[in-house]
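In mature numbering (1 follows the signal peptide of the UniProt record, and there is no 0), the protein residues as written are -20 to -1, 1 to 115.
Worksheet: the structure to be examined is printed underneath.
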């Protein structure tokens, strides 16, 4: 029993906390986009965003986006009216890979494949073909 409690407190709890992400909550008005550098910065200081940000728009949309030196990098999620609306990955500010767009009921509305920020032709058909060819 004592060994189980020891295992729980000194192994499992620290591991679970290591995977928890902290999000910095800010309003869109607190940021500005620098066209010259393509970076998103804090308006007050001019410093590029670094870390995980929950950026709120108009009170009904929140973008959860990870930033590295002002560039979006990593898995991003967009919530509208507290429901998941979009999910995908950014690489150096550009959409990359498969992005999912959701209906209000939570079902997938469409999937789009991006490569360096541009849509790949026949993205959804290609996904269906890849899935069917693996069977």
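Cβ coordinates follow ideal geometry from the N, Cα and C atoms, glycine included.
Note that the coordinates shown come from a computational prediction; the quantities given were computed from them, not determined experimentally.
Fill in: Residue of 74, 73, 94 minimising C-alpha distance to residue 80
Distance from the Cα of residue 80 is smallest, within the candidate group 74, 73, 94, for 94.
Discussion item. Taking the straight line between their C-alpha atoms, what separation do you get for residue 24 and residue 49?
Written reply: Approximately 16 Å between the Cα atoms of the pair.
Fill in: Rounded separation between residue 2 and residue 57 - CA only
Going from the Cα of residue 2 to the Cα of residue 57 covers about 14 Å.
Practice prompt. Using alpha carbons as the reference points, say which of 98, 22, 15, 18 lies closest to residue 7.
Written response: The candidate whose alpha carbon is nearest that of residue 7 is 22.
Worksheet item: Buried or exposed: which applies to residue 47, given that a residue is buried once 16 or more other Cβ atoms fall within 10 Å of its Cβ?
Response: With 16 or more other CB atoms across the displayed protein chains lying within 10 angstroms of its CB, residue 47 is buried.
Worksheet item: In whole angstroms, what separates the C-alpha of residue 39 from that of residue 29?
Response: Within the model, the alpha-carbon separation for residue 39 versus residue 29 is close to 21 Å.
Discussion item. Is it buried or exposed, residue 35, if we count other Cβ atoms within 10 angstroms and call 16 or more buried?
Written reply: Flag for residue 35 reads buried.
Worksheet item: Do you know how far the Cα of residue 31 is from the Cα of residue 5?
Response: Distance between the alpha carbons of residue 5 and residue 31: 11 Å.
Worksheet item: Between the C-alpha atoms of residue -16 and residue 67, what's the straight-line distance to the nearest angstrom?
Response: At residue -16, the pLDDT of 48 sits below 50, so the modelled position is not reliable; the number obtained from the coordinates is stated separately. About 38 Å.
Fill in: residue 51 versus residue 15: straight-line alpha-carbon distance, rounded
Going from the Cα of residue 51 to the Cα of residue 15 covers about 12 Å.
Fill in: Nearest residue (CA-CA) to residue 75, options 63, 54, 87, 85
Taking residue 75 as reference, the option from 63, 54, 87, 85 with the minimal CA-CA separation is 54.
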